[in-house]
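Protein sequence lines correspond, in order, to chains G and P.
Count the first sequence with my numbering and you get residues 1 to 205, in order.
Count the second sequence with my numbering and you get residues 1 to 205, in order.
Glycine is no exception: its CB is placed at the ideal position from the N, C-alpha and C atoms.
In this text, all values refer to a predicted model and were calculated from it rather than measured experimentally.
Have a look at the structure below, then the notes.
Number of protein chains: 2
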Amino acid sequence: MPSDQRRIQPRKQPRQVRAELTRQRILTAAAHVFAEHGYAAGTTNRIAERAGISIGSLYQYFPNKDAILAELLTRHLDDGTAAAVQVLTGPLPESIEDVFRVFVRLAVEAHLDDPHLLRMLLEEAPRSNELLERVGKVKRAMVEHTRDLLENHPEVRVADTATAARLVIATVELAVHDLLAEPDPIDARRLEDEMVAMLTRYVRG
Amino acid sequence: MPSDQRRIQPRKQPRQVRAELTRQRILTAAAHVFAEHGYAAGTTNRIAERAGISIGSLYQYFPNKDAILAELLTRHLDDGTAAAVQVLTGPLPESIEDVFRVFVRLAVEAHLDDPHLLRMLLEEAPRSNELLERVGKVKRAMVEHTRDLLENHPEVRVADTATAARLVIATVELAVHDLLAEPDPIDARRLEDEMVAMLTRYVRG
DNA sequence: CACAATTATGAGCAATCACTCAGGTCTTGA
DNA sequence: TCAAGACCTGAGTGATTGCTCATAATTGTG
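Here it is as structure tokens:
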């Protein structure tokens, strides 16, 4: 425990209830502000104002602005993997069509509540090597899982499973980016149906 | 020609050769700087430095930073539509598989030289309503063309051509975002092959 | 109640950045 | 050759922003 350690972490851990409450309020406010103004224009003062606290308090819980972004991204990633693990733990459907449907729906649901925030998070992730690496890790894990699935499922007839797995994952991700950004968002059900159809016909050969 | 018009355009049009040359250098430098540092961190001073000119000169050719971004995006959009028009003017292949191959290759080639810049341009486009509208217009035109194609081609058997067209366009766009961002970019040929296969099998039903 | 630890405050600092302007240098044309 | 206009220069300005710190308020503990 070096005594001259840099102030990379803010103070100590919260001890009182109101502290943890303030932390939550900061994160919620940051999510709103970032989603609305983007990362660069989402100033820390604005976040504090929206959270109903002073700017000083904000910096007692986060060492800097980037740390807030990191925490938001971490939470999303953790939520996503938790949901995925839960699905993978149970029994999967037999047909690949139904398997794809499960995954596509999972992806859609995970991003349906705040697409703008999610878009921002993924855009700003490259700002930090650590975040970029973390996102990359999750993505690589998904690609690996998909490749296993493609290689072992009897219905699947694609040859280049490595490329196919990347293509499938990228296509599902795309669901997100087309559900949001557009001012005229596509209907979630229809998108799901068509995407599942496309993926299924593709891997069946 | 109102005399009190705001200084939205910088000075007059360039008259001498060196002026046009300087303009080009600014745009080239901006492309590099934006691609490397992103829009927010790509300062105008850095652009001027990279272009080998003074910051004052930069502001004789562009009224503000956003105008540089706008010009870069406009050029990309114009180049892209020009290439598309040229392809659409000539005779298209018979089979949809070959048609898709033509379009996918077009998209890949258009974005192969500077993927980072392109990513940045599309991310920052929402900063301006005008740019957003311009991008939206191009995209809508592509979707419309695709829908026509899907409805008139004998091999195509999808029912919901509206959704299918959007899905096809989004999938092709995806080629870009997966060719670049990743530190381990996918092989262009393989991606092209698999993507064409996926789209073809999808629309054939 | 006292008093120490924890949490909250917000004016202000230092740094950064887009952009200006007063004045230079170069090119052109007569 | 020599003005007049075109082009270039770069230190500086005003505004913004991330963040600090001295101080105050609140809470837990005996």
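Under a three-way DSSP split, which group does residue i fall into?
i: Gln5 of chain G; result: Low per-residue confidence applies at Gln5 of chain G: pLDDT is 36, beneath 50, and the placement is therefore not dependable, though the value from the model is reported in the following sentence. In this structure, Gln5 of chain G counts as coil in the three-state DSSP scheme.
i: His116 of chain P; result: helix
i: Ala292 of chain G; result: Because chain G in this structure spans residues 1 to 205, residue 292 of chain G falls outside the shown range and cannot be described.
i: Ala165 of chain P; result: helix
i: Tyr202 of chain P; result: helix
i: Glu94 of chain G; result: coil
i: Val158 of chain P; result: coil
i: Pro183 of chain P; result: coil
i: Ala188 of chain G; result: helix
Taking the CB atoms as reference points, tell me whether residue i and residue j lie closer together than 8 Å.
i: Val143 of chain G; j: Leu150 of chain G; result: no
i: Ile96 of chain P; j: Val168 of chain P; result: no
i: Tyr61 of chain G; j: Arg23 of chain G; result: yes
i: Tyr202 of chain P; j: Arg201 of chain G; result: yes
i: Val87 of chain P; j: Val102 of chain P; result: yes
i: Leu191 of chain G; j: Ala175 of chain G; result: yes
i: Glu194 of chain G; j: Asp160 of chain P; result: yes
i: Val85 of chain G; j: Pro93 of chain G; result: no
i: Ala170 of chain G; j: Leu179 of chain G; result: no
i: Ile55 of chain G; j: Val33 of chain G; result: no
i: Arg50 of chain G; j: Ala29 of chain G; result: yes
i: Val138 of chain P; j: Leu72 of chain P; result: no
i: Ile209 of chain G; j: Arg166 of chain P; result: Residue 209 of chain G is absent from the model: chain G starts at 1 and stops at 205.
i: Glu124 of chain P; j: Tyr59 of chain P; result: no
i: Ala31 of chain G; j: Leu118 of chain G; result: no
If you draw a straight line from the C-alpha of residue i to the C-alpha of residue j, how long is it?
i: Glu173 of chain P; j: Glu36 of chain G; result: 25 Å
i: Arg6 of chain G; j: Pro63 of chain G; result: Confidence in Arg6 of chain G is poor, its pLDDT being 38 and thus under 50, which makes the residue's placement unreliable; the coordinate value appears in the next sentence. Rounded to whole angstroms, Arg6 of chain G to Pro63 of chain G spans 11 Å at the Cα level.
i: Glu20 of chain G; j: Ile26 of chain G; result: 10 Å
i: Arg75 of chain G; j: Ile68 of chain G; result: 11 Å
i: Pro154 of chain G; j: Asp148 of chain G; result: 12 Å
i: Leu121 of chain P; j: Ile53 of chain G; result: 36 Å
i: Leu106 of chain P; j: Asp79 of chain P; result: 11 Å
i: Thr44 of chain P; j: Thr89 of chain G; result: 52 Å
i: His177 of chain P; j: Gln13 of chain G; result: 40 Å
i: Ala70 of chain P; j: Thr146 of chain P; result: 27 Å
i: Gly42 of chain P; j: Pro91 of chain P; result: 43 Å
i: Thr81 of chain P; j: Val135 of chain P; result: 11 Å
i: Glu109 of chain P; j: Val196 of chain P; result: 15 Å
i: Asp66 of chain P; j: Asn152 of chain G; result: 51 Å
i: Ala162 of chain P; j: Ser57 of chain P; result: 48 Å
i: Ala83 of chain G; j: Ala83 of chain P; result: 44 Å
i: Ala164 of chain G; j: Glu133 of chain G; result: 22 Å
i: Asp184 of chain G; j: Asp184 of chain P; result: 33 Å
State the start and end residues of the unbroken alpha helix (DSSP H) segment that holds residue i.
i: Leu73 of chain G; result: Lys65 to Thr89
i: Phe34 of chain P; result: Val17 to Ala41
i: Ser57 of chain G; result: Ile55 to Tyr61
i: Glu130 of chain P; result: Asn129 to Asn152
i: Ile47 of chain P; result: Thr44 to Ala51
Please determine whether the Cβ atom of residue i lies at a distance below 7 Å from any heavy atom of the ligand MN.
i: Ala175 of chain P; result: With respect to the ligand MN, the structure offers nothing, as it holds no ligand at all.
Inset, instruction - Tell me, please, whether the region 127-135 of chain P touches the region 99-113 of chain P by the rule of three or more beta-carbon pairs shorter than 8 Å. - result: no
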